[in-house]
Amino acid sequence: MNEEIPEPTDPTDLTRPADLGVGPAQRLLTEVDLARWASFIHQGESSRTTLWLLLLDGAGRSLPELIAIDDVEPGPHPVFIANLLELVEMTLATIAPGGSMVAMLERPGTPHRTPADREWNEAVRWEARQRGIPVQAFFVACAGRILPMTLDDAA
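If you're matching positions, the sequence shown starts at 438 in my numbering and goes up one per residue.
And the structure:
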């Protein structure tokens with residue numbers, strides 16, 4: 438039998454999203470799962486800065502709502518972050534008690550972590566912690582790359 442063996446799926450190939458394990462009610466349980474989600478959302482180059490939030494239920498399943506805020510400021514504004522995370526807190530309490538979130542800052546520019554990226558990471562994580570919202574991951578997407586931001590990056 439001379440069957441073609443399919444090539445492994447490239448995590449940045451968006452032509453077959455089902456192969457990426459990304460979709461409504463998909464369980465995102467590992468760092469790899471979360472990075473696949475970020476790769477699926479990031480379309481390579483971005484001409485503007487967008488903050489993406491994905492909400493997960495207590496079992497790690499993605500909720501159907503995906504929050505995208507376009508043209509955010511280069512650095513986080515405390516009132517904006519507080520209001521946004523208040524909305525997330527109310528949403529999770531209403532439809533997914535025990536849930537969590539994943540955040541991604543998509544921006545143009547250098548494919549390296551910047552001081553502004555660190556400020557966004559710190560501001561989102563701090564406000565989420567104040568509200569009891571677990572942050573599963575924070576990513577920066579730029580120039581076709583996905584950069585995970587850790588708690589150490591927020592310090």
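Note that CB positions come from ideal geometry on N, CA and C, so glycine has one too.
State the Cα-Cα distance for the pair residue i and residue j, rounded to the nearest angstrom.
i    : j    : result
A578 : G481 : 8 Å
R473 : L500 : 16 Å
L542 : A530 : 24 Å
P534 : V509 : 28 Å
W557 : G497 : 23 Å
L588 : R568 : 17 Å
T528 : I570 : 11 Å
M538 : A553 : 21 Å
D447 : P585 : In this prediction, D447 has a pLDDT of 40, which is less than 50 and means its spatial position is unreliable; nothing more can be read from the coordinates.
L465 : H549 : 25 Å
Q573 : N520 : 20 Å
R566 : I532 : 19 Å
Which stretch, first to last residue, makes up the alpha helix (DSSP H) that contains residue i?
i    : result
R566 : 552-567
R473 : 468-478
L465 : Premise fails: L465 is in no alpha helix (DSSP H) and is neither H nor E.
I583 : Note, I583: premise wrong, no alpha helix (DSSP H); beta strand (DSSP E) at 582-586.
A519 : 515-532
Just reading off the beta strand (DSSP E) that residue i is part of, what are its end residues?
i    : result
I504 : 499-507
S537 : 537-543
T487 : 487-493
A574 : 572-579
Beta carbon of residue i, beta carbon of residue j: below 8 Å?
i    : j    : result
E468 : I518 : no
D470 : G536 : no
T551 : A580 : no
L491 : L503 : yes
A560 : P515 : yes
What residues in its chain sit with their C-beta under 7 Å from that of residue i, if we drop five residues either side in the sequence?
i    : result
I506 : T487, L488
I583 : A472, A475, S476, H479, F576
S484 : P545
P445 : With a pLDDT of 35 at P445, under the threshold of 50, the predicted position of this residue should be treated as unreliable, though the coordinate-derived value follows. Excluding residues within five positions, none has a Cβ falling inside 7 Å.
V525 : L490, L492, M538, I570
In chain order, what residues of the same chain lie with their CB nearer than 6 Å to the CB of residue i, ignoring the 5 residues before and after it?
i    : result
A540 : L490, V561, F575
Q463 : S499
P513 : E556, W557, A560
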